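Presented below is the structure to which this report refers.
Number of protein chains: 2
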Amino acid sequence: MRLSRYFMPVLKEDPKEAQIVSHRLMLRAGMIKQQAAGIYSWLPLGYKVLRRIEQIVHEEQARAGHIAMLMPTLQSADLWCESGRYDDYGEEMLRIKDRHKRDLLYGPTNEEMITDIFRSHVNSYKDLPLTLYHIQWKFRDEIRPRFGVMRGREFLMKDGYNFDLTKEDALHAYNRHLVSYLRSYERMGLQAIPMRADGGPIGGDYTHEFLVLAETGESEVFYDSEITDLKFGDRAIDYDDVAECQAVLEEFTSRYARTDETHDAALFEQIPETRRRQARGIEVGQIFYFGTKYSEPMGATVVGPDGTRVPVHMGSHGIGVSRLLGAIIEASHDDKGIIWPEGVTPFHVGIVNLKQGDASTDGACGALYAELKAQGLDPLYDDRDERAGAKFATMDLIGLPWRITVGPRGLAANKVELTARRTGESVELSPQEAVARLKEIYQPVFDAAQ
Amino acid sequence: MRLSRYFMPVLKEDPKEAQIVSHRLMLRAGMIKQQAAGIYSWLPLGYKVLRRIEQIVHEEQARAGHIAMLMPTLQSADLWCESGRYDDYGEEMLRIKDRHKRDLLYGPTNEEMITDIFRSHVNSYKDLPLTLYHIQWKFRDEIRPRFGVMRGREFLMKDGYNFDLTKEDALHAYNRHLVSYLRSYERMGLQAIPMRADGGPIGGDYTHEFLVLAETGESEVFYDSEITDLKFGDRAIDYDDVAECQAVLEEFTSRYARTDETHDAALFEQIPETRRRQARGIEVGQIFYFGTKYSEPMGATVVGPDGTRVPVHMGSHGIGVSRLLGAIIEASHDDKGIIWPEGVTPFHVGIVNLKQGDASTDGACGALYAELKAQGLDPLYDDRDERAGAKFATMDLIGLPWRITVGPRGLAANKVELTARRTGESVELSPQEAVARLKEIYQPVFDAAQ
Chain A
1 MRLSRYFMPV LKEDPKEAQI VSHRLMLRAG MIKQQAAGIY SWLPLGYKVL
51 RRIEQIVHEE QARAGHIAML MPTLQSADLW CESGRYDDYG EEMLRIKDRH
101 KRDLLYGPTN EEMITDIFRS HVNSYKDLPL TLYHIQWKFR DEIRPRFGVM
151 RGREFLMKDG YNFDLTKEDA LHAYNRHLVS YLRSYERMGL QAIPMRADGG
201 PIGGDYTHEF LVLAETGESE VFYDSEITDL KFGDRAIDYD DVAECQAVLE
251 EFTSRYARTD ETHDAALFEQ IPETRRRQAR GIEVGQIFYF GTKYSEPMGA
301 TVVGPDGTRV PVHMGSHGIG VSRLLGAIIE ASHDDKGIIW PEGVTPFHVG
351 IVNLKQGDAS TDGACGALYA ELKAQGLDPL YDDRDERAGA KFATMDLIGL
401 PWRITVGPRG LAANKVELTA RRTGESVELS PQEAVARLKE IYQPVFDAAQ
Chain B
451 MRLSRYFMPV LKEDPKEAQI VSHRLMLRAG MIKQQAAGIY SWLPLGYKVL
501 RRIEQIVHEE QARAGHIAML MPTLQSADLW CESGRYDDYG EEMLRIKDRH
551 KRDLLYGPTN EEMITDIFRS HVNSYKDLPL TLYHIQWKFR DEIRPRFGVM
601 RGREFLMKDG YNFDLTKEDA LHAYNRHLVS YLRSYERMGL QAIPMRADGG
651 PIGGDYTHEF LVLAETGESE VFYDSEITDL KFGDRAIDYD DVAECQAVLE
701 EFTSRYARTD ETHDAALFEQ IPETRRRQAR GIEVGQIFYF GTKYSEPMGA
751 TVVGPDGTRV PVHMGSHGIG VSRLLGAIIE ASHDDKGIIW PEGVTPFHVG
801 IVNLKQGDAS TDGACGALYA ELKAQGLDPL YDDRDERAGA KFATMDLIGL
851 PWRITVGPRG LAANKVELTA RRTGESVELS PQEAVARLKE IYQPVFDAAQ
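Those protein sequences? They're chains A and B, same order as listed.
The working numbering applies: residue 1 is where the first sequence begins, and numbers increase by one.
The working numbering applies: residue 451 is where the second sequence begins, and numbers increase by one.
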């Protein structure tokens, strides 16, 4: 993309309404615009990141054998009366009446609807196991929406639901979700720690929240420092292998890691003092096993191998897709702006032309731009007639992890500068070498998508 | 995908509620499930087609230089009061009150919001031309939703908005949209004819609707038969070239083609009688130029080259993404079921194993499946323990354009059968040849995505 043709309305001033850094930087970088309290438009740069995150979630869910579909944003109130949650949900549920005075609601989650779909179509244990998910906009009418997309009212969430014949099978589905979530977050450049959590309104005997450590996190967390050394990495995993998935669960959840909701001071004290950590975290996902909580009242049963009908064992599993943008920025920024991890960056590299209008720099930048695109990379070329300082400041603010600077002096020696946003370190390379180096840098990102 | 692991709840009986073939076939093929009047879940097979259509729209919009973003589903009523449409819109607008009794609405379209975004951030003619679009769920509270996704209440639409300094520039944007829409529909296997239309509630001096001919179409259309010979094809186009885009507009709109709303019997009679056609059509898109209708009341102005502020010239341009599934099926089916065009088919090819459980057919099917995937194709392997007739009927119903049949007799001679859904014609090929043939068939689809 050429910046002269893009729509990226960066702000010069810090917006007053933003209390936390991710909100401030998303507004300043022209990623979002508030349309009503807790309701945002995703401007082109923000939308690109949102799509990258969505894409990672889709890829990792497919890898785990989970099946994508899409439920509508609006739901009939009837289903929620069946489960008993219509009254329970309180004022956070946005209730709507259509022109025929029928009660609708803007879905805050989809347990009821997916259970209805299941019971309408599945009849036999032979059709299990089954895990369905979607990535859809949801609404929670928060009394005080704040922190930008971190606590919005209209938000994008991936929610998946497993249906299994037995508790054991459902716990394997739970483990598959844990593994796929670890992989997803790592691909986004995040360390999200599974912590023992509280069931809350969805209910659940087994549940873990995934938390990203960040000073601005809303949750207080307590953990064994050994847990931050764990990395899923690019190890191969067979999602059908029960023992293999169980081993990952044990590896990532056997050390102490809890939010204040489930914190147990006595247990915590048993960790050697040097490893005890107390910090703040941002919740970016949660997995639940809740057994027959919905299948029983709603009659979601299958005929088992012995010919009798049994309610299915279910779980639900969520990733806060839109909130993740905020979480990633909270975890990865500096005084100058955002620092995108390679896996989610809106553009792979920025090209800064130090002398727009100069035939040699314009030519070199145009050629670089074309070559990067030909190599499957997605560059943002700042071809505006602006001074170098302003171009650098914009690139630093929007946080592309790599920048190529092209100036007449370097070009005379066939050199451009490749700069890492995170470290600020630069190397001089020929344009060809810079392209090759970037291809190398992004190869793991492309490989992970396979 | 292996069918044994998929969720594709085909129905054996014709659903009573479906009045038109696309609705019936989408229900029977397990593509959608109604959740409330005019509100649908997109089951995995339906969702896959929806995504393919979305992807084509994104690719063609990017090619035309239009920029993707995303506006929220809910909007504040304030903006609609500014434009004067809050009262005009009537009962089709779903009006909502949040917990603080603030007036929201579920957006039926986005002229007001995009104009607000524009006026908040763009100040100078130097930032023009600009075309922003999104693909987002919308809601129109139809009094009698029917025909499945063809006239739903919650529906997915691509809507794009151009902002230009002059009428001439805005008409070039209009032409860019016309060209990009022609390309998009052709990639979906559709012939969508631009017909002179009526401005309607959005208003507009220049507007064309795109109609797909189909017996079940809601509109009566009148056209010169020469128009159905026109094809955009894979010609190269420079979207910045004003004359080139204008020539396409003239080519595709100079012959008589109108809906009953704008039909002019006297003009129609001037066509030679043998070329006069009266038929029915389904509207799948519309483009508008409406000048300063929104920019003036809402103060969306830029400083022009002479230093004075002028309201921008705008247009809006829509593609009915979810409705397109219905339109494609209406235009492409037979007694046995759907016939997907290659560009949008949920899976590229179905594999039917005639003797599930037989080591040789299972092995050959597994190898074919792996090889097709390795070649970048997306196969659906019917690995269920079902008789051949049922497998064929399912494949015909869901309408994959190609099927490979693998049986023990053929395999003994290293042959499988490749069958075209549209013609029913089969050829015997070695498995390797079948893969190569399919790669060849789909190459234009992959090329079009570049």
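Glycine included, every Cβ here is placed at the ideal spot set by N, Cα and C.
Being a predicted model, the structure only gives us computed values, none of them experimental.
Measuring only the C-alpha atoms, how far is residue i from residue j?
i	j	result
B/P829	B/Y497	16 Å
A/F446	A/D116	38 Å
B/T709	B/A715	11 Å
A/K336	A/D396	6 Å
B/H713	B/D679	21 Å
A/V248	A/A257	15 Å
B/V753	B/T703	34 Å
B/S526	B/E562	10 Å
A/L178	A/I287	7 Å
B/F797	A/E417	45 Å
A/S225	A/E273	10 Å
A/R52	B/A840	40 Å
B/N864	B/T811	11 Å
B/A512	B/G826	23 Å
B/G901	A/R5	Because chain B here runs from 451 to 900, residue 901 of chain B falls outside it and cannot be looked at.
Comparing C-alpha positions only, which one of the options sits nearest to residue i?
i	options	result
A/Y381	A/V406, A/W42 and A/F232	A/V406
B/G793	B/I506, B/L621, B/F672 and B/R872	B/I506
A/H66	A/R277, A/L354, A/Y181 and A/A279	A/Y181
A/G424	A/H333, A/F222 and A/G307	A/H333
B/S634	B/D614, B/I778, B/T559 and B/L529	B/I778
A/V49	A/L325, A/P444 and A/A388	A/L325
B/A729	B/C695, B/S669 and B/P755	B/S669
A/A192	A/L171, A/Y206 and A/A214	A/A214
B/G602	B/G610, B/F613 and B/F589	B/F589
B/H473	B/R596, B/L529 and B/D537	B/R596
A/F210	A/N353, A/W80, A/A18 and A/V321	A/V321
A/R196	A/R255, A/M157, A/R5 and A/Q246	A/R255
A/L74	B/G757, B/Y556 and B/S876	B/Y556
For the alpha helix (DSSP H) that contains residue i, what are its first and last residues?
i	result
B/M845	A838 to I848
A/T115	E111 to H121
B/S630	K617 to R637
B/G776	V771 to A781
From the DSSP output, in three-state form, read off residue i for me.
i	result
B/F740	strand
A/A192	strand
B/S880	coil
A/H23	helix
B/M451	coil
B/P465	coil
A/R409	helix
B/P894	helix
B/R887	helix
What first and last residue would you give for the beta strand (DSSP E) that runs through residue i?
i	result
B/I789	Segment: none, B/I789 is in no beta strand (DSSP E) and carries neither H nor E.
A/F232	Unbroken run through A/F232: none, as it is neither H nor E.
A/R403	W402 to V406
B/V906	Nothing in the structure corresponds to residue 906 of chain B, since chain B is present only between 451 and 900.
B/Q485	I482 to A486
B/Q696	Where B/Q696 is concerned, there is no enclosing beta strand (DSSP E), although the alpha helix (DSSP H) it sits in stretches over V692 to T703.
A/M157	E154 to D164
B/S574	First-last for B/S574: undefined, no H or E at that position.
B/F660	Y656 to L663
B/L554	D553 to Y556
B/D832	P829 to D832
A/V416	V416 to A420
A/Y40	I39 to W42
- request: Enumerate, from N- to C-terminal direction, the unbroken beta strand (DSSP E) stretches of 3 or more residues contained entirely within the region 497–548 of chain B.
  value: Here the runs fully enclosed are 524–526 and 544–547.
query: What are the start and end residues of each continuous beta strand (DSSP E) run of 3 or more residues lying completely inside the region 708–768 of chain B, in chain order?
result: Within the region 708–768 of chain B, the complete beta strand (DSSP E) runs of at least 3 residues are 726–741, 751–753 and 759–761.
Secondary structure, beta strand (DSSP E): runs of 3+ residues fully inside the region 341–374 of chain A: Taking only runs of at least 3 residues, the beta strand (DSSP E) segments lying wholly in the region 341–374 of chain A are 349–353.
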